[in-house]
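Notes to accompany the following structure.
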Amino acid sequence: MHHTPVQINIQQLRQFRLHRSGLLTHFPTAEQVAESLGGVQAQIHPSAGLALFNRTCDLTYERYETLLFEERSLVKLWGQRGTLHVYATKDWPLICAILAGSKSWWARNAEKTETYDAYLDLVHQAEALLRQKGVMGRSELRTSGLFNDEEHLSPWGGVFADLVRQGYACHAARSGEGLFAHRIHWRPDLRWEQPDPDAANVEMLRRYLHAYGPATLQDYAHWRGAARNRARRWWVATEPELAQIHVEGQTMYLLSEDLDELTRSPEPPSPSLHMLHRFDPLLLAHKDKSWIVPVAHYKQVFRSAGHIEGVVLNAGIAIATWRYVRKEKALHIILEPFAPLATHLHPLIEQRSQEIATFFGLRLAGIEGM
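Dropping the structure here:
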């Protein structure tokens with residue numbers, strides 16, 4: 001570990017995190033966004049597209065779906081925190097490896113009821129059926145007769161959660177219902193070499209610190225969705241590579257290789273306005289979110305049942321939440337400012353709203369709440 005602590009202020013921290021997240025300096029491709037950020041949460045399918053759009057150039061919703069479902073250089077899987085993410089397809093073996101040391105809710109439940117071996121047998125039968133069909137949904141699995149209960153066909157995962165977790169399946173494009181594709185059908189050319197689970201998690205920790213650092217062990221455990229003792233094992237393995245950073249009284253850590261960039265004399269931050277949509281990677285990356293969302297407005301962004309609103313950022317600080325509504329071929333933007341918005345921000349919000357409408361291939365019909 002780099003033993004001399006480096007002092008920075010909260011503005012430097014904010015600027016560095018925004019830069020590393022791809023908001024100030026865009027990534028060349030959507031695949032590089034997904035790889036660098038350790039995936040983009042996709043519980044809401046368009047939100048993942050907007051997260052990629054905010055970090056690369058000229059991406060459209062149509063192109064996003066092409067990358068996922070036609071070119072298949074992006075892949076949708078259940079990943080960290082047990083939530084749906086879009087990843088770079090070349091990272092598919094890595095993602096399955098980081099999850100290999102834990103079990104799905106359905107597998108854990110089978111263990112509790114002493115039916116784990118029978119459950120695994122059903123997973124293997126479902127895998128064989130999916131391999132035969134190539135693409136399959138819950139309705140087809142239901143009629144196969146393999147399962148006589150709805151729990152294993154749950155829209156939150158069920159047996160498909162374990163097919164994905166074990167590297168057999170990914171999410172395909174919807175067609176009336178959610179569909180899943182067998183990996184061999186979806187990407188027969190993909191080289192499948194799954195690394196050791198601990199090595200995979202150490203690699204993911206390095207990516208996390210590179211994208212979201214300076215950060216703490218608590219931040220990483222929160223983002224990874226891992227118990228602190230498990231996350232600590234990977235953290236300790238990475239400690240020789242870390243530098244200690246002091247941010248206004250709080251100790252954080254960064255990869256030593258990124259230290260020069262952090263401490264380089266920063267140019268004055270240019271005025272920047274961003275509209276991050278729901279479940280954006282930056283809103284999920286840290287346990288302490290006060291650096292990006294003022295504490296007084298925390299509950300307006302981080303709502304009950306795990307819902308996270310989109311935010312308008314001004315110079316890296318949330319000043320409003322926002323949503324969109326699609327009506328026919330038009331997009332309506334709805335803002336809920338934390339305080340009256342400064343007049344000079346209006347044209348910036350209008351411009352970004354127009355760009356979001358263009359991403360969807362829609363006309364911007366109006367902006368409410370400005």
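Numbering (the UniProt record's numbering), first residue to last: 1 to 370. Ideal Cβ placement from N, Cα and C applies to all residues, glycine included.
For Gly49, the first and last residue of its enclosing alpha helix (DSSP H): His45 to Phe53
Any 3 or more C-beta pairs closer than 8 Å across the region 79 to 97 and the region 184 to 194: yes
For Asn314, three-class secondary structure by DSSP: strand
Extent of the continuous alpha helix (DSSP H) to which Ile367 belongs: Per DSSP, Ile367 belongs to no alpha helix (DSSP H); it is in the beta strand (DSSP E), Arg363 to Glu368.
Limits of the unbroken beta strand (DSSP E) element including Ala30: Not the beta strand (DSSP E): Ala30 falls in the alpha helix (DSSP H), residues Ala30 to Ser36.
Contact check, Ala126 vs Leu163, beta carbons under 8 Å: yes
Distance, Gly137 Cα to Gly366 Cα: 38 Å
Of the listed residues Ser144, Leu146, Asp198 and Gly134, nearest to Tyr168 (C-alpha basis): Gly134
Backbone CA spacing between Glu62 and Ala118 [nearest angstrom]: 42 Å
Beta strand (DSSP E) segment containing Pro337, residue limits: Ala330 to Pro337
Proximity winner among Gly369, Tyr116, Val311 and Gly316, relative to Arg14 (alpha-carbon distances): Gly316
Where Trp192 sits in the DSSP three-state scheme: coil
Straight-line Cα distance separating Trp322 from Ile334: 5 Å
Nearest to Leu50 (by Cα), restricted to the options Ser353, Arg363 and Met370: Ser353
Whole-angstrom distance between Ser139 and Gly176, CA atom to CA atom: 10 Å
Assigned secondary structure, Leu146 (DSSP; H/G/I helix, E/B strand, else coil): coil
Rounded Cβ spacing between His274 and Leu120 (contact assumed at less than 8 Å): That pair is no contact at about 45 Å.
Selected residue, minimal CA-CA separation from Leu130, among His185, Arg363, Trp235 and Gln300: His185
CB of His346 within 8 Å of CB of Lys287, strictly: no
Thr143 versus Asp149 - alpha carbon distance: 12 Å
His277 (DSSP reduced to helix, strand or coil): coil
Three CB pairs or more closer than 8 Å across the region 237 to 253 and the region 202 to 221: yes
CB-CB length for Ala34 against Ala88, believed under 8 Å: 5 Å
DSSP three-state assignment for Gln15, whether helix, strand or coil: helix
C-beta atoms of Gly213 and Leu282 nearer than 8 Å: no
Own chain, CB closer than 8 Å to Phe69, minus 5 neighbours either side, in chain order: Ala172 and Ala173
Within 8 Å, strictly: CB atoms of Ile8 and Leu262: yes
Per-residue burial, Ser304 [other beta carbons within 10 Å of its own, 16 or more giving buried]: exposed
Cβ-heavy atom distance, Val40 to the ligand GDP, below 7 Å: The ligand content of the structure shown is nil, which means the ligand GDP is not present either.
For Ser47, the nearest candidate out of Cys57, Glu31 and His85 (CA to CA): His85
Residue range of the unbroken beta strand (DSSP E) whose run includes Thr251: Gln250 to Leu255
Buried or exposed by the 16-neighbour rule on C-beta atoms within 10 Å, applied to Arg228: exposed
Close-in-space but distant-in-sequence residues of the same chain around Ala318 (CB under 8 Å, 5 per side omitted): Ile292, Val293, Pro294, His297, Val301, Val311, Val312 and Phe338
Per-residue burial, Gln166 [other beta carbons within 10 Å of its own, 16 or more giving buried]: buried
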